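Below: the structure, in structure tokens.
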């Protein structure tokens, strides 16, 4: 039987691409399940009051997701993207049940270790598969659509879990969302997703990018473009880890209820998600360096304003600015790395970037938790905001304006 010729492009592969966008929405929904309710869940169900202890779940999640990102990138060519994606969904399935029936806080940490492994496998696989399908011309658009689906789902499910918690209590009902999400994600992958390794071979035949000798070292330190993007990715998730853990506490301290907290914590990832529908394509057309600089700068300024704000309207505006700043950088990170690497080394370089980026969750949780316990939440927020502005300056002074010429 004759197989159809492989063609790179978004239009040529729209069916598989659309399916992968839907799958990534389910991936994002698994994180959104925890996003608005976890600090209260820790305090009410387990009596965990220390900021550092509460944020330990983000540390566990970030460390395991980061490490899994790296190995997913390294193993993608060997074992296949689809197999890793399917395994990631299998790992996600016990998570909601562990959260519902956890007898101690240690079981909650274990659930977040599994969630981190699952997210590393699933999100990394869908990112690499979409880049494989579309070729070079629409890479930014592809990443924008991918990250839109994931983070719009984070925001939507965060809002729903906050609403459910307000109506029916912190546990178990909000976690039922995760049971449905993991089952549907697994079945979609099993029956309809196809592997994309053959597309890599097709692109490799015509690509002129010189291979790197040491992918990890080049991505982390040596290559000016890749290392500038990598440090910004780490700082981006460092501040996201702080927002995830501390923003609900800030809102609780000024007497917002679960429904309002769910709404305010959902605005940031929702704007982040929707914004990427536009910023992804912008990354194909405009200066990636400028988008990264302004995105990180906007994030830093927005974070520094949080301690001075307690009205719902003002916090909504700040969350929207933070979401916009993140939308400018998130698809641009990935499309920049994809443009600066050869097709055969792309998955491992993206895995290395995502290792450092998601270590930011753990680093952000530890730094902000310790600072909040020692000096107060406001000082933790100021520290993270300052680090984000420094990251923008590193982009400005280290990253070259030109990456490499687009082929064809």
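Numbering (our numbering), first residue to last: 49 to 456. All C-beta atoms in this analysis are idealised placements derived from N, C-alpha and C, irrespective of residue type, glycine included. Quick caveat, the model's predicted, so the values are computed rather than measured.
Can you name the start and end residues of the alpha helix (DSSP H) that residue 167 belongs to? Sequence index remark: in the chain shown, residue 167 carries index 119 (1-based). Taken as a continuous stretch (DSSP letters only), the alpha helix (DSSP H) holding residue 167 covers 153–182.
Going by beta-carbon coordinates alone, are residue 276 and residue 451 separated by less than 8 Å? One-based indexing of the chain shown puts residue 276 at position 228. One-based indexing of the chain shown puts residue 451 at position 403. No, these two residues do not count as a Cβ contact at 8 Å.
Rounded to the nearest angstrom, what separates residue 419 and residue 405 at their Cα positions? As a first step, residue 419 must be located in the chain shown, where it is residue number 371. As a first step, residue 405 must be located in the chain shown, where it is residue number 357. Each residue's alpha carbon lies about 21 Å from the other.
Could you check the C-alpha separation between residue 127 and residue 216 for me, to the nearest Å? In the chain shown, residue 127 corresponds to position 79, counting from 1. In the chain shown, residue 216 corresponds to position 168, counting from 1. Each residue's Cα considered, the two are about 43 Å apart.
Quick one, which of 175, 197, 440 has its alpha-carbon nearest residue 80's? The residue labelled residue 80 in the question sits at position 32 within the chain shown. Comparing Cα positions, the closest option is 197.
Would residue 149 be called buried (16 or more neighbouring beta carbons within 10 Å of its own) or exposed? Sequence index remark: in the chain shown, residue 149 carries index 101 (1-based). With fewer than 16 other Cβ atoms within 10 Å, it is exposed.
Alpha carbon to alpha carbon, how far is residue 328 from residue 103? Give it in angstroms, no decimals. In the chain shown, counting from the first residue as 1, residue 103 sits at position 55. In the chain shown, counting from the first residue as 1, residue 328 sits at position 280. Straight-line Cα distance between these residues: approximately 31 Å.
If you run the structure through DSSP and keep just helix, strand and coil, what is residue 334? On the chain shown, residue 334 is found 286 positions in, with the first residue counted as 1. Coil.
What are the start and end residues of the alpha helix (DSSP H) that includes residue 354? Residue 354 sits at position 306 when you count from the first residue of the chain shown. Run containing residue 354: none; DSSP gives neither H nor E here.
DSSP on residue 59, reduced to helix/strand/coil? Position 11 of the chain shown holds residue 59. Residue state, collapsed to three classes: coil.
So, for residue 99: in the same chain, excluding its five sequence neighbours on each side, which residues have a beta-carbon less than 6 Å away from its beta-carbon? Counting from 1 along the chain shown, the entry for residue 99 is found at position 51. Around residue 99: 417, 420, 421.
Do residue 343 and residue 373 have their CB atoms nearer than 8 Å? Mapped onto the chain shown, residue 343 falls at position 295. Mapped onto the chain shown, residue 373 falls at position 325. Against a cut-off of 8 Å, the Cβ pair of residue 373 and residue 343 comes out as a contact.
Hey, is the segment 377–396 in contact with the segment 332–348, meaning 3+ C-beta pairs nearer than 8 Å? yes
Counting Cβ pairs closer than 8 Å, one from the segment 136–156 and one from the segment 254–272, do we hit at least three? no
Close beta carbons around residue 94, own chain, < 6 Å, minus the five adjacent residues each side: The count along the chain shown starts at 1 and reaches residue 94 at position 46. Contacts found: 153.
Quick test of your reading: residue 284 and residue 181, contact by CB under 8 Å. State the CB separation rounded to the nearest angstrom. As a position in the chain shown, residue 284 is number 236, starting the count at 1. As a position in the chain shown, residue 181 is number 133, starting the count at 1. At roughly 25 Å, the Cβ-Cβ gap does not stay under 8 Å, so residue 284 and residue 181 are not in contact.
If contact is defined by three or more beta carbon pairs under 8 Å, each pair taking one atom from either stretch, is the segment 160–173 in contact with the segment 362–369? no
Out of curiosity, what's the CA-to-CA distance linking residue 240 and residue 141? Here residue 240 is taken as the residue at index 192 of the chain shown, counted from 1. Here residue 141 is taken as the residue at index 93 of the chain shown, counted from 1. Residue 240 and residue 141: Cα-Cα distance of roughly 19 Å.
Any chance the segment 284–302 sits against the segment 104–113, with 3 or more Cβ pairs inside 8 Å? A contact exists between the segment 284–302 and the segment 104–113.
Run the CB neighbour count on residue 302, radius 10 Å, all protein chains shown included, and call it buried at 16 or more, exposed below. The sequence position of residue 302 within the chain shown is 254, counting from 1. Counting Cβ neighbours within 10 Å, residue 302 comes out exposed, since fewer than 16 surround it.
Say whether the segment 260–277 touches the segment 69–85, bearing in mind that this needs 3 or more beta-carbon pairs closer than 8 Å, one atom from each stretch. These segments do not touch.
Can you give me the start and stop residues for the alpha helix (DSSP H) that residue 140 sits inside? Residue numbering aside, residue 140 sits at position 92 when the chain shown is read from its first letter. Note, residue 140: alpha helix (DSSP H), 129–140.
Who are the near neighbours of residue 299 in its chain, counting only those whose CB is closer than 8 Å to its CB and skipping five residues on each side? Within the chain shown, residue 299 is the residue found at index 251, counting from 1. Cβ neighbours of residue 299 beyond the five flanking positions: 308, 309, 312, 313, 363.
Is it a yes or a no for the segment 385–402 touching the segment 339–358, going by three-plus beta-carbon pairs under 8 Å? no
Evaluate residue 305 with the Cβ neighbour count: other Cβ atoms within 10 Å of its Cβ, from every protein chain shown; 16 or more gives buried, anything less gives exposed. On the chain shown, residue 305 is found 257 positions in, with the first residue counted as 1. So residue 305 ends up on the exposed side.
Check residue 85 in the structure and name its three-state DSSP category. The sequence position of residue 85 within the chain shown is 37, counting from 1. Residue state, collapsed to three classes: coil.
Quick one: what does DSSP say residue 64 is sitting in, helix, strand or coil? Numbered from 1 along the chain shown, position 16 holds the residue referred to as residue 64. Helix.
Spell out a yes or no on whether the segment 218–236 and the segment 420–435 are touching, meaning 3 or more CB-CB pairs, one atom from each, closer than 8 Å. Output reads no: the segment 420–435 does not touch the segment 218–236.
Given a cut-off of 8 Å, decide if residue 345 and residue 218 are closer than it, judged by their beta-carbon atoms. On the chain shown, position 170 is the one that residue 218 refers to. On the chain shown, position 297 is the one that residue 345 refers to. In this structure, residue 345 does not lie closer than 8 Å to residue 218 by Cβ.
For residue 131, which residues from the same chain have a beta carbon less than 8 Å from its beta carbon, with the 5 sequence-adjacent residues on both sides left out? Taking the first residue of the chain shown as 1, we reach residue 131 at position 83. So the list reads 243, once near-sequence residues are dropped.
Mind checking residue 272: buried by the 16 CB within 10 Å criterion, or exposed? On the chain shown, residue 272 is found 224 positions in, with the first residue counted as 1. Classification of residue 272: exposed, given that the 10 Å Cβ count is below 16.
Compute the distance between the beta-carbons of residue 233 and residue 137, then report whether it is under 8 Å. Here the question's residue 233 lines up with position 185 in the chain shown. Here the question's residue 137 lines up with position 89 in the chain shown. Against a cut-off of 8 Å, the Cβ pair of residue 137 and residue 233 comes out as a contact.
Taking the CB atoms as reference points, tell me whether residue 143 and residue 123 lie closer together than 8 Å. In the chain shown, the residue the question calls residue 143 occupies position 95. In the chain shown, the residue the question calls residue 123 occupies position 75. Not a contact, by the Cβ cut-off of 8 Å.
Around the Cβ of residue 319, are there at least 16 other Cβ atoms within 10 angstroms (buried) or fewer (exposed)? By 1-based counting over the chain shown, the position of residue 319 is 271. Buried.
State buried or exposed for residue 356, treating a residue as buried only when at least 16 other CB atoms are found within 10 Å of its CB. Here residue 356 corresponds to residue number 308 of the chain shown, with the count starting at 1. Residue 356 comes out exposed.
State buried or exposed for residue 445, treating a residue as buried only when at least 16 other CB atoms are found within 10 Å of its CB. Residue numbering aside, residue 445 sits at position 397 when the chain shown is read from its first letter. Classification for residue 445: exposed.
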